[in-house]
Every structure is written in C-alpha cells, then in structure tokens.
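The numbering of the sequence shown is our numbering, which starts it at 144 and goes up by one.
Have a look at the structure below before the remarks.
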Amino acid sequence: MNVRSSGQPIRPLTVLALAVAVCAVSSSAPLIAFAAAPALAVAFWRNGLASVALTPVALGPRRGEVRDAIRGSRRRAGVFCLLAGVALAAHFGTWMPSVQLGTVATSTALVATQPVWQGLIAAWQGRRPSTAGWIGIVLAVAGAAWATGADAGVSGQAVLADVLALLGAIFAAVYTALGEQARAALSTTTYTWICYGVCAVLLVIVCWSAGIPLTGYDPRAWAAILGLVAGAQLLGHSMFNYALQYTSATTVSVLILLEVPGAALLAWLWLGQSPRPGALPGLALLLAGVAVVILGAARRTRRPVPALADESLPT
144 MNVRSSGQPI RPLTVLALAV AVCAVSSSAP LIAFAAAPAL AVAFWRNGLA SVALTPVALG
204 PRRGEVRDAI RGSRRRAGVF CLLAGVALAA HFGTWMPSVQ LGTVATSTAL VATQPVWQGL
264 IAAWQGRRPS TAGWIGIVLA VAGAAWATGA DAGVSGQAVL ADVLALLGAI FAAVYTALGE
324 QARAALSTTT YTWICYGVCA VLLVIVCWSA GIPLTGYDPR AWAAILGLVA GAQLLGHSMF
384 NYALQYTSAT TVSVLILLEV PGAALLAWLW LGQSPRPGAL PGLALLLAGV AVVILGAARR
444 TRRPVPALAD ESLPT
C-alpha cells in the first residue's frame, strides 16, 4: 500500500526520492564492471572518498558525538562502528570482485540475498524467523542454487564470482547486524563516517600488501569511481535515508530489490551483458524468496527498526 503505518499517504517528493535512490544504487554494479581498475582499489576509493566527503560534518556539527564514540561515553557504540567497518571491508572485498569476474545480473541478485542471512543471524541470536521467513529462506537458497548451477556449466570463473557474491551478502548481513547496535547510540553521519573510514583503511592495507595499484588508471576508471561515490555511496543512501522519515523501512527494503532488475537493465543497455537464460528462473525464485523474508518479518513485528538504508545498501 502507498501509505505509512500511520496511514498518511506517501508524499510526491518522497516518491521522487525513492526513484532517485533506486536508480543511483542500480548504477553501482555496472559502474564497477565498467571501471578498468582492480576491484579492491575501486572499493578503497569508493569508501575513502565518501569518508572524506562526510568529514566536514563529522568533525563539525558532529564533532562531540565522534569524540564520545572514540573515547567518551559512547565507546561501546564506537566499537560496533569499528567492527561494522571490518565487515563492510569484507563485503566490498568479496562482492565487488564478483561483479568483474561474473555478470552484473547474477552478482547483484546473489548479493541481494542479504535479508536471508540476516534472518539466520537473528535466529542465532534467539529471534527465530517466522514461518514465512523460513519459507522465503528456502526459496532464496533454492533460487541461488539454481542460478549458480547454471553458471557451473559456463566456467569456473563464473562459479567463483557466484561464491564471492554470496560471501558478500553474508558479510553485508553481519555489517547490518553490527550497525544496528552502533546506530542505537550514534547518528547516521557519525556511524557512516567511522565505518567508511575503517573500511577504507583496511582496504588500502590489503591493496598495498597485494601490490594492487591505487593510481595510474585511465579517465574512464576515475569517472566510474567518482560516479560510485556520488551515486550509490552518497546520493542513493541519502535519498533512502530521507525517505525513511516518511515511509516504512519495509517499503524501502522491498524497493531495494528493484536494484537487481535495474542493474541488469543498465548492464544490458550499457555493457552488452545479457543474463544467461539458464539462470533466469533461479534469479526470479531468489528474488521471490527475499521478498517473502522481508514481508514476513514486517508482518511479524511492526516496531520501528533502527537500521537505515546505508546499513543495508553497500552495493
């Protein structure tokens, strides 16, 4: 329904913000595939530049909160920020290479299984998913198996890309679970600034250790990196955060799934990547399962959830 839990209709400006956000995050995987640069280096620049962009606010109006998170009364939340940054680095370090090794459509769909792993983490924490949640998990896992099975007949590289995308989804779920703890005491700006900063530091250490060049790319690679920072990392997340003031988190979570067909469409029109026919039924089943998980969780509880879009959209 086009209403919040309060019964108020969604404003046209909110609808516009959601449309912009979906388009922005849909560009993430195609831009990664387009960039003629190592995936881990792209991940570093994406997070490093986003952290730099947030610095004036973090060290300006939010300076006191940042200080409390580092060595003050909110140190516990600061620890969760650090751990979330580690998980985010692991997410980008697995998912972004999968986009360059495989196809945009399959990598984006597999990383969209994050809510499934989120449900399993909740079950491990003692918050068992509902019956609908378990049904959705089974459907999503079956769809992922179908899609990756189709890739197994293509090449070993395609299978590796699928495994990395699934690992990226698992790390994204861990990132969100940790972020939920941090966000209980910190604002979005402080949380994301610390988290992106930690992620960037870890990624640059990995790049230096592995001898991955961080410079020397052609202009199109830098254009893609800047597009990722301005689009998926800042604009997309910001518009989802804005919309969360006026619509439910469930609505936003379901709309995030539009990233999958959006990214596939952009990859087809821009990069000439057509989804493999054998994987299409599996991808459809996977998306259906993820939608069931999200909607099932929404019916089970209607209390506000402290997770924001920038915690669940690292794509």
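C-beta: ideal position from N, C-alpha, C; glycine also.
None of the values given here were measured: they were computed from a predicted structure.
Proximity of residue i and residue j at Cβ, strictly below 8 Å
i    : j    : result
L426 : T246 : no
V259 : I280 : yes
A167 : G379 : yes
T333 : R214 : no
A316 : Q257 : yes
M239 : A164 : no
L377 : A160 : no
P418 : W289 : no
A308 : G432 : no
A304 : S241 : yes
G439 : G340 : no
For residue i, the nearest candidate out of the options (CA to CA)
i    : options                : result
V347 : A184, L231, S298, L263 : A184
I222 : V403, C350, L329       : The sequence given here places Val at residue 222; Ile does not occur at that position. V222 has its Cα closest to that of L329, out of V403, C350, L329.
V436 : A162, Q261, A167, R206 : Q261
G322 : C224, Y339, F235       : C224
A407 : L253, I278, R189       : L253
T319 : G207, L409, H234       : H234
A367 : A186, T335, I355, G207 : A186
A375 : L174, Y360, V158       : L174
L345 : P199, T198, W267, G236 : G236
A162 : D361, F383, A434, L438 : F383
A434 : R218, T335, A373, I278 : I278
A212 : T331, C350, L357       : T331
Alpha-carbon to alpha-carbon, residue j and residue i
i    : j    : result
S352 : R154 : 49 Å
L226 : A265 : 18 Å
T363 : A325 : The sequence shown places Arg at residue 363, rather than the Thr named in the question. Their backbone Cα atoms lie some 36 Å apart in a straight line.
T274 : L263 : 13 Å
G191 : G203 : 18 Å
G299 : G421 : 16 Å
L412 : R270 : 42 Å
L231 : R210 : 22 Å
W188 : I355 : 13 Å
A410 : G207 : 43 Å
I313 : T157 : 30 Å
R218 : V372 : 28 Å
W267 : A285 : 21 Å
G359 : T335 : 28 Å
S216 : D361 : 46 Å
C350 : L357 : 8 Å
W365 : P199 : 23 Å
L451 : G405 : Here L451 scores only 42 on pLDDT, less than 50, and its place in the model should not be relied on; the value that follows carries that caveat. If I take the Cα positions, the gap works out to 21 Å.
P449 : V306 : For P449, the pLDDT reaches just 46, beneath the cut-off of 50, and the residue's location in the model is therefore unreliable, although a value from the coordinates is still provided. Distance between the alpha carbons of P449 and V306 is about 30 Å.
Nearest-angstrom beta carbon gap, residue j and residue i [assumed within contact, 8 Å]
i    : j    : result
W255 : V403 : Looking at the sequence itself, residue 255 is Ala, so the reference to Trp does not match. A255 to V403, Cβ: 5 Å. Contact.
A327 : A201 : Rounded, the Cβ-Cβ distance is 19 Å, inconsistent with contact.
G370 : S170 : 7 Å
T251 : A172 : 5 Å
A287 : L429 : 5 Å
C338 : G415 : About 35 Å; that fails the 8 Å criterion.
Near the ligand PLP: residue i beta-carbon under 7 Å from a heavy atom
i    : result
L401 : Absence of the ligand PLP is noted for the structure shown, with no ligands found whatsoever.
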